[in-house]
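Numbering (our numbering), first residue to last: 2 to 327.
So, in structure tokens, the structure goes:
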């Protein structure tokens, strides 16, 4: 009856005739007192829908209209209508779910564990272990016995596509140094960076010249033995430390840039001649590390080895030049 009355009539319009009112409302006037007033005799009750009533109403007003057409407003009744019930139920369900989630979160916090199942104490221990690993890793720079010839040769020898007895001899190693590509494949596996190792290769090629073959051997071993990203970072930090220490305490003769530039051109020419079909690869690597060669030449190069190198006609003759440093 309420739905029918609300759906077809608007109380804001002019008051209907007595007979029309009776048929519309179909409701007897309230017989009890509302807010202390008694309903006039012969009156009928009617409801007026507030804005939005049928689209999700929350309230309606109730008034009494007498048979003579006089409207007497009695009271405003707040009604919770059935059409709003579904929304209220949905909100209650949502609130209940949020409550359950919050409770689960409280239980997890009480246990001291996160979504990975690690407690705060365990995570703190892991962080301390990483810091300790980084702090304990250092390379022995006293092992550096190389001048600029050995550093330049090592940059080539460590490429997996290049091999030669003269290069091994120049870099002070009877056996071939660990290939840069092999090291970088291991690093990529640990870090999960995929198959593109070129950035890693270039980075280490620069380091070889700055560190020298002896310190590079320590770096390669460190990286190959690493089993986590934290250990790789510790190796990298140790390499940076070694570079700085070597630069701060050079053991070269303080050669000038012009002398070192002449040495680079001479070494590149002899190395390319010796490489034959790998000449372009040799040129590519040396051009990549040219700035490092010039810098290391100023810091670690000796006049004796450079003078000897400038007179050499082949890579084989350069082998005699490297010994001048030792």
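Idealized CB from N, CA, C, for every residue including glycine.
Start-to-end residues for the alpha helix (DSSP H) that takes in residue i
{"i": "residue 312", "result": "304-312"}
{"i": "residue 293", "result": "291-301"}
{"i": "residue 315", "result": "Where residue 315 is concerned, there is no enclosing alpha helix (DSSP H), given that its DSSP letter is neither H nor E."}
{"i": "residue 141", "result": "Element bounds for residue 141: n/a, residue is neither H nor E."}
{"i": "residue 153", "result": "149-158"}
{"i": "residue 164", "result": "Neither: residue 164 is in no alpha helix (DSSP H) and is coded neither H nor E."}
{"i": "residue 270", "result": "258-276"}
{"i": "residue 200", "result": "199-212"}
{"i": "residue 241", "result": "230-249"}
{"i": "residue 189", "result": "181-192"}
Residue i classed as buried or exposed, judged by whether at least 16 other C-beta atoms fall within 10 angstroms
{"i": "residue 251", "result": "exposed"}
{"i": "residue 143", "result": "exposed"}
{"i": "residue 200", "result": "exposed"}
{"i": "residue 310", "result": "buried"}
{"i": "residue 139", "result": "exposed"}
{"i": "residue 197", "result": "exposed"}
{"i": "residue 77", "result": "The predicted model places residue 77 with a pLDDT of 39, which falls under 50 and marks its position as unreliable, so this point remains unresolved."}
{"i": "residue 258", "result": "exposed"}
{"i": "residue 219", "result": "buried"}
{"i": "residue 56", "result": "Note that residue 56 scores 44 on pLDDT, short of 50, meaning its location in the model is unreliable and no value can be drawn from it."}
{"i": "residue 1", "result": "The structure shown has nothing for residue 1, since the chain only spans 2 to 327."}
{"i": "residue 161", "result": "exposed"}
{"i": "residue 241", "result": "exposed"}
{"i": "residue 255", "result": "exposed"}
{"i": "residue 329", "result": "No statement about residue 329 is possible, as the shown extent of the chain runs from 2 to 327 and does not include it."}
{"i": "residue 21", "result": "No answer about residue 21 holds up, because its pLDDT of 39 lies below 50 and its placement is not dependable."}
{"i": "residue 137", "result": "exposed"}
{"i": "residue 193", "result": "exposed"}
{"i": "residue 229", "result": "exposed"}
{"i": "residue 280", "result": "exposed"}
{"i": "residue 306", "result": "buried"}
{"i": "residue 141", "result": "exposed"}
{"i": "residue 249", "result": "exposed"}
{"i": "residue 166", "result": "exposed"}
{"i": "residue 1", "result": "Past the edges of the chain, shown from 2 to 327, lies residue 1, and the structure says nothing about it."}
Of the listed residues the options, nearest to residue i (C-alpha basis)
{"i": "residue 267", "options": "308, 217 and 221", "result": "308"}
{"i": "residue 179", "options": "216, 148 and 150", "result": "216"}
{"i": "residue 223", "options": "249, 257 and 181", "result": "181"}
{"i": "residue 207", "options": "311, 244 and 219", "result": "244"}
{"i": "residue 157", "options": "283, 294 and 297", "result": "283"}
{"i": "residue 303", "options": "264, 203, 212 and 235", "result": "264"}
{"i": "residue 262", "options": "297, 242, 186 and 171", "result": "297"}
{"i": "residue 209", "options": "249, 150 and 260", "result": "150"}
{"i": "residue 285", "options": "269, 300, 322 and 184", "result": "269"}
{"i": "residue 318", "options": "279, 185, 238 and 272", "result": "272"}
{"i": "residue 148", "options": "314, 249, 211 and 233", "result": "211"}
{"i": "residue 168", "options": "204, 231, 237 and 214", "result": "214"}
{"i": "residue 186", "options": "202, 312 and 306", "result": "202"}
{"i": "residue 321", "options": "172, 191 and 239", "result": "172"}
{"i": "residue 163", "options": "204, 277 and 306", "result": "277"}
{"i": "residue 231", "options": "293, 281, 141 and 191", "result": "191"}
{"i": "residue 153", "options": "227, 247, 291 and 234", "result": "291"}
{"i": "residue 233", "options": "295, 247 and 205", "result": "205"}
{"i": "residue 159", "options": "287, 299 and 253", "result": "287"}
{"i": "residue 246", "options": "188, 294, 300 and 323", "result": "300"}
{"i": "residue 294", "options": "238, 235, 260 and 227", "result": "260"}
Whole-number beta carbon distance between residue j and residue i, since they are thought to touch under 8 Å
{"i": "residue 316", "j": "residue 275", "result": "4 Å"}
{"i": "residue 184", "j": "residue 221", "result": "5 Å"}
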